[in-house]
Each structure stands twice: as C-alpha cells, then as structure tokens.
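**Student:** Going left to right, the sequence shown walks through residues 6 to 259 as our numbering numbers them.
Glycine included, every Cβ here is placed at the ideal spot set by N, Cα and C.
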Amino acid sequence: MSWKLAAISLALVFRNLGVALRVSVGPVLLGIGAGWLVFSLFGVTPAMVAVAIDTNLVDPGVAFALLIALAALVIAAAWVAVGWHRFILLDEVPGLLPNLAPRRVAIYAWRSGVLSLLVVLLMFPVSAIGMQVLALTGLMRIDLMRDAFSFAVGAFMTFLWLRLALGLPAAALDRVHSVSKSWNDSARLSSEILGAGAVIAALDLVFSSILDLLPLGLVPGLVVRGVLAWVVAMAGGALLSLVYAHLVEGRRLT
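Set out below in structure tokens:
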C-alpha cells in the first residue's frame, strides 16, 4: 500500500504535468516578483541579506522587507497548494492561473503555517537528541550516517505532516477538519502513510545525492534542484490529497 500511495502521487504529477505547471508557475512568479518589488522599495539587495545571515546582525529595514517577501511567497505557495488539491479532488482545471479565492488561500496559508510550526516543535527534541548521539559517538563524521539520519528525520517529518494535515485539503474545499480529527482519522492508515512518506523522502535524498556528484555549474545546479524540490512538493500535495480522499471522503485509492 505504501508503494502504491507513493507511485500514485508521483504519477499524478507526471500524468498531469501541464496542469501542475499551470497551477504552479504563475503564482510562484508572482510571489517572486512581489518579493523583488518589496526589496526594491526598501532598498534591500541580495548582498545585504547575505551579510545579515553571515553576521547575524539584521538591520530592521532588511528584516521587515524579508518578512513581507516571505509572506508573499507563503501566500503564493498556498495558492499553488489550493489549486493542486482542488484539481485532484474536484477535477477543477486551472487556466493560465489557478482560481484565486483570497479568503480560501489566506485560511490555507494560516493553517499550513501553524502546522509547520507544530511539526518543527515536535521534531526539535527528536532531531536534537539524534544529532547529539551522532556527535558523541563520532558517527557524524561518516557521510553515510549523516545521510541516514537526514533520511530518518525527513521521513518522520513527512509522516507527522500527513497525519496532522488533513485539514489542509479540507480548507481547499472550504471545509473544516481539525488537527485532532486528522490525527485520529489517519490512525488506521498510519503504517502506509509512514511508508509512503519514507519512499518520497528516499527518492528526494537519492536524487539530491546524485546531483551532488554531477559537475553542474551554479545556475544549472540551482535550476535542477529547484525542479526536484518542485516535483517532491507536488507529489507530497498529491499524497495528502489521496489520503484525504480515502480517509475522509471514502474514495478508493486508484
């Protein structure tokens, strides 16, 4: 069942590549454009951001511009996710841009932000203890062990997200599904969700490792990694939609 869930999720992306691109490209470009406009209005340059990150000394103007630009990208990501969920669950085919319902997108962005914070808080002690164990035993110096740890953390984060996030496709359909109800409803598919999340995390790790070995230049490397991240994100959205459709709406996994 885990392999089936992962395979269907990836197949939904590649089988509907045109729709996936129409759902994604416009909002992402608009989000990037909004971020660039904010930086221009505040006189912030990439060099200023890099210096702030390196020195941990952030000018208030730079910090404010970064927050607004980040908010624009979060809204764009929520717009993409809502359009993708609605295509998978309702067969709602987008035009050049997915339908923009501001209230729906805002609710989705808020709920996904809260869920992201919750997952990070739940994962922090686990990952911190794991890193301490690897460091104390000297295993952190072994590439294979670092990769295995990264895979385990990624798979478990995906598992938690899928277990807790059934309210997101519900929000895309203008419905309400609480976090506690999501956790309870997904319990009967718990092992399958863990397995499917592990498959997607493993594929991401394998392809990222392959890219590390290829002699790609800076710009081509960033483009290829961006495409890989997009495929993984869209497959994750498809997987969440499938789990919601099966557990909440009672649809068969096909």
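Three-state secondary structure (DSSP) at A240?
**Tutor:** Note: A240 maps to helix in three-state DSSP.
**Student:** Where do the ends of the alpha helix (DSSP H) carrying T142 lie?
**Tutor:** Note, T142: alpha helix (DSSP H), P107 to T142.
**Student:** V3: buried (16+ other C-beta within 10 angstroms of its C-beta) or exposed?
**Tutor:** A query on residue 3 cannot be resolved here, the shown segment of the chain reaching from 6 to 259 and no further.
**Student:** Provide the residue span of the alpha helix (DSSP H) that contains V181, from first to last.
**Tutor:** First-last for V181: undefined, no H or E at that position.
**Student:** Give the straight-line distance between the Cα atoms of D96 and G88, rounded to the nearest whole angstrom.
**Tutor:** Cα-Cα distance, rounded: 10 Å.
**Student:** Since A170 and L252 are thought to touch, with beta carbons under 8 Å apart, how far apart are those beta carbons, to the nearest angstrom?
**Tutor:** The pair is not a contact, with the Cβ atoms about 12 Å apart (cut-off 8 Å).
**Student:** To the nearest angstrom, report how far apart W235 and L17 are at their CA atoms.
**Tutor:** Computed Cα separation, rounded: 13 Å.
**Student:** Rounded C-beta distance between G36 and A81? I'm assuming under 8 Å.
**Tutor:** Yes, they are in contact, since the Cβ atoms of G36 and A81 sit about 3 Å apart, within 8 Å.
**Student:** Buried or exposed, going by whether 16 or more other CB atoms sit within 10 Å of the CB of G40?
**Tutor:** When all chains shown are included, G40 counts as buried.
**Student:** Look at A160 and A201 and say whether their C-beta atoms are less than 7 Å apart.
**Tutor:** The answer is no: Cβ separation not under 7 Å.
**Student:** To the nearest angstrom, report how far apart V211 and V28 are at their CA atoms.
**Tutor:** Cα to Cα, the separation comes out at about 27 Å.
**Student:** Hey, V33 and V110 are a contact pair by Cβ (cut 8 Å); roughly how many whole angstroms apart?
**Tutor:** Wrong, their Cβ atoms sit about 14 Å apart, outside the cutoff.
**Student:** Do I198 and L167 come within 7 Å of each other at the CB atom, strictly closer than that value?
**Tutor:** Yes, Cβ-Cβ distance for L167 and I198 is below 7 Å.
**Student:** CB-CB under 8 Å to A153, same chain, minus the five flanking residues each way: which ones, in chain order?
**Tutor:** If we look at A153 and ignore the five residues flanking it on each side, it has no Cβ neighbours.
**Student:** CA-CA distance, S213 and L105?
**Tutor:** Near 33 Å, if we compare the C-alpha coordinates of L105 and S213.
**Student:** What are the boundary residues of the alpha helix (DSSP H) that P99 is part of?
**Tutor:** From DSSP, P99 is part of no alpha helix (DSSP H); its letter is neither H nor E.
**Student:** With a floor of 4 residues, list each alpha helix (DSSP H) that falls wholly inside the segment 19 to 51, ordered by position along the chain.
**Tutor:** Correct list: 22 to 47.
**Student:** How far does the alpha helix (DSSP H) with L197 in it reach, from first residue to last?
**Tutor:** Per the sequence shown, the amino acid found at residue 197 is Glu instead of Leu. S195 to L218 is the extent of the alpha helix (DSSP H) around E197.
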